[in-house]
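Engineer: Attaching a single structure in structure tokens format; questions to follow.
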Amino acid sequence: MLIATWNVNSLKARLPRVQAWLEDVHPDVVLMQETKMTDKAFPALTFKEMGYESAHFGQGQWNGVAILSRLGLDNVRANFVVGEPDGEARIITADCSGVTVVSVYVPNGRALDHEHYQYKLRWLDQLAKHVAAIATPSGNLVVGGDYNIAPADIDVWDTKALEGSTHVSAAERERLEALHDWGLRDVLREQHPEPGIYSWWDYRNGSFHRGWGMRIDLLLATSNIADATMWTAIDRNARKGEQPSDHAPVLMEVST
DNA sequence: ATGGTGGCCCGGCCA
């Protein structure tokens, strides 16, 4: 089972690239973020013609998450399943051929002294509760998406440039650590301990070509899934060429 | 590097 996560930064703007990428890579399950459209505008028929069932949780011009699957798509759950529902469309869950998958778009945080950063931390606490409510550590679960957190210093191009910024702060990294403590593993980092592996590069300043990136898009998996993962990769090619997203897809191939 | 870009949609906000 080939599982991917990709923040497409507007599915309307990115649909040609997304279609070409699906035809090229043929993932079985895709966790998508930042579709930036309503459910009505979501191109479910286009994906159906390509062999994918889909589920979308959108709100309009911002946020929006989706799951595509050509291995079945059942038990779709939009938003958090416990506690207060989030006011923004940032999380959707479904079951695909025996694996529960979650597509998450964690709030950016904007700045450490911004209210949005507190929202980010609360959101991550809610995510931990959501995960505990839908699965057990011994089950088959993948929680993938744009976490807007670089798990460790190795996941950023320059720690000095990011001092005092979101994405690297102790409080948000602790929230990620709580997910690890529960039983979710960062399989790509386990398989690739080397530095310089990023999934996002700012559009500005030629960041991609200068290697100024961060690894903030993650596929976290329970041990059943992590142990069965044959390979993982980040598809940097998807960040090149005409009208790319500022994020590259992250992939994991799970033996079934 | 804190915008020189690129989304939203047409003046800024957001990432």
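In terms of my numbering, the first sequence opens at residue 33 and continues consecutively. In this text, a Cβ means the ideal position worked out from N, Cα and C, and glycines have one as well.
1) Using DSSP's beta-bridge definition, name the partner residues of residue 125.
2) Restricting to Cα atoms, I'd like to know which of 132, 154 and 133 is closest to residue 141.
3) Just checking my contact of residue 160 with residue 211 at CB under 8 Å: how many whole Å lie between their CB atoms?
4) Using the beta-carbon count (16 or more within 10 Å), is residue 183 buried or exposed?
5) Output needed for residue 65: all residues of its chain with C-beta closer than 6 Å, excluding positions within five of it in sequence on either side, in chain order.
6) Over the uninterrupted alpha helix (DSSP H) stretch that includes residue 78, give me the two end residues.
7) Can you list, in chain order, the residues of its chain whose CB lies under 8 Å from that of residue 191, leaving out five sequence neighbours each side?
8) Let me know if residue 236 comes out buried or exposed under the rule of 16 or more other beta-carbons within 10 Å of its beta-carbon.
9) Using three-state DSSP, classify residue 255 as helix, strand or coil.
10) Mind pulling the beta strand (DSSP E) runs of 3 or more residues that sit fully within the stretch 145-214?
Structural biologist: Taking the geometry as given:
1) Within the first sequence, the letter at position 93 stands for residue 125. DSSP output for residue 125 lists 109 and 134 as bridge partner(s).
2) The residue you call residue 141 lines up with position 109 of the first sequence. Comparing Cα-Cα distances from residue 141 to each of 132, 154 and 133, the minimum goes to 154.
3) Residue numbering aside, residue 160 sits at position 128 when the first sequence is read from its first letter. Residue numbering aside, residue 211 sits at position 179 when the first sequence is read from its first letter. Sure, about 6 Å apart at Cβ, within 8 Å.
4) Reading the first sequence from its first residue, position 151 is the one you call residue 183. Using a 10 angstroms sphere on the CB of residue 183, the tally of other CB atoms reaches 16 or more, which defines it as buried.
5) The residue labelled residue 65 in the question sits at position 33 within the first sequence. Counting only Cβ-Cβ distances below 6 Å, and skipping sequence neighbours, we find 39, 97, 137, 177 and 178.
6) Translated into positions along the first sequence, residue 78 becomes position 46. 76-81 is the extent of the alpha helix (DSSP H) around residue 78.
7) Here residue 191 corresponds to residue number 159 of the first sequence, with the count starting at 1. Cβ neighbours of residue 191 beyond the five flanking positions: 185 and 200.
8) One-based indexing of the first sequence puts residue 236 at position 204. With fewer than 16 other CB atoms across the displayed protein chains lying within 10 angstroms of its CB, residue 236 is exposed.
9) Within the first sequence, the letter at position 223 stands for residue 255. Correct three-state label for residue 255: helix.
10) Listed in chain order, they are 173-178.
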